[in-house]
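Listed below in structure tokens is the structure:
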């Protein structure tokens, strides 16, 4: 099926070919498109720099207040990478959240303040997804408070879907926040064989549905795989987009926000202790 001209223009604007940029044979056909989010950015400087150096438009999700978050986010922005807040949320295994964490013991005001300060701590932030969150993303009041705060700002939300019963994406959609959901985790197991299997699943989902969202982490095996594999995708007819690019594809190329509709995020100094 041929895509409308406006959608083709959108794809050209937000989707980069995975390889050298050579022309495709059919410029009117929208290719299956993947978005890749790399979570847990801010800890690992070396792997973070390798990810930023990739030619493809991957999206980088930064934990707040980590040792290298600000430095890497600024570098990523200069390399035209899309930047997200990877917001720590309470999980069912009681794993510590670190600074900027959102937990069930918070009231509405403290949750809103913590989230707002975390947003302010990430330079050039465009979106938010949950770090862990298998407990909090099931709780209606907490998700209502989170989305009520996010609704003030020009940011999208990606439900990392760390538990099947997450309601985070549904609540975000109820607030009319631009929303996507993770389709595939790439590296639950840190082996090339596993990452390859999951990457093939991501491409399969994109071919079935037009686009798909994958989440990985700055593990050496993941970065090695992406450095090798992403440049090969153009010849296979697979495109790579930022998260906002995939959202545009799925929403008729309409803008996420009207001009002046949302409150600008004012950068601020970190209000919580840095985690190394």
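Residue numbers (the working numbering): 247 to 522.
Positions of the beta carbon are idealized from the N, C-alpha and C atoms, including for glycine.
Note that the coordinates shown come from a computational prediction; the quantities given were computed from them, not determined experimentally.
Exposure label - residue i; buried when at least 16 CB within 10 Å
| i | result |
| --- | --- |
| residue 444 | buried |
| residue 412 | buried |
| residue 327 | buried |
| residue 315 | buried |
| residue 341 | exposed |
| residue 511 | buried |
| residue 407 | buried |
| residue 434 | exposed |
| residue 273 | Unreliable positioning characterises residue 273 in this predicted model, as indicated by a pLDDT of 46, which lies under 50. The coordinate reading is nonetheless provided below. By the 10 Å Cβ count, residue 273 comes out exposed. |
| residue 524 | In the structure as shown, the chain starts at 247 and stops at 522, and residue 524 therefore has no counterpart that could be examined. |
| residue 436 | exposed |
| residue 270 | The predicted model places residue 270 with a pLDDT of 40, which falls under 50 and marks its position as unreliable; any figure quoted below should be read in that light. It is exposed - the Cβ of residue 270 has fewer than 16 other Cβ atoms within 10 Å. |
| residue 455 | exposed |
| residue 513 | exposed |
| residue 386 | exposed |
| residue 460 | buried |
| residue 506 | exposed |
| residue 324 | exposed |
| residue 372 | buried |
| residue 355 | exposed |
| residue 351 | exposed |
| residue 302 | buried |
| residue 410 | exposed |
| residue 337 | buried |
| residue 251 | Note that residue 251 scores a pLDDT of 34, beneath 50, so its modelled location is shaky and nothing firm can be said. |
| residue 359 | exposed |
Rounded separation between residue i and residue j - CA only
| i | j | result |
| --- | --- | --- |
| residue 508 | residue 438 | 42 Å |
| residue 447 | residue 430 | 7 Å |
| residue 347 | residue 277 | 38 Å |
| residue 349 | residue 376 | 12 Å |
| residue 487 | residue 440 | 23 Å |
| residue 304 | residue 353 | 35 Å |
| residue 317 | residue 334 | 20 Å |
| residue 329 | residue 451 | 24 Å |
| residue 396 | residue 279 | 27 Å |
| residue 453 | residue 479 | 13 Å |
| residue 309 | residue 432 | 19 Å |
| residue 369 | residue 491 | 20 Å |
| residue 321 | residue 285 | 16 Å |
| residue 384 | residue 307 | 21 Å |
| residue 482 | residue 357 | 45 Å |
| residue 343 | residue 332 | 11 Å |
| residue 366 | residue 311 | 10 Å |
| residue 495 | residue 402 | 14 Å |
| residue 380 | residue 294 | 26 Å |
| residue 427 | residue 415 | 7 Å |
| residue 425 | residue 485 | 20 Å |
According to DSSP, residues forming a beta bridge with residue i
| i | result |
| --- | --- |
| residue 404 | 375, 426 |
| residue 332 | 375 |
| residue 457 | 279 |
| residue 287 | 308 |
| residue 462 | 284 |
| residue 431 | 461 |
Test: residue i CB closer than 8 Å to a CB of chain C
| i | result |
| --- | --- |
| residue 488 | In summary, chain C is missing from the structure at hand, where a single protein chain is found. |
Taking only runs that begin and end inside the segment 335 to 389, name each unbroken beta strand (DSSP E) of 3 or more residues, in chain order.
371 to 378
When the Cβ atoms of the segment 495 to 506 are set against those of the segment 388 to 395, are three or more pairs found closer than 8 Å?
no
With a cut-off of 8 Å, do at least 3 Cβ pairs link the segment 275 to 291 to the segment 461 to 472?
yes
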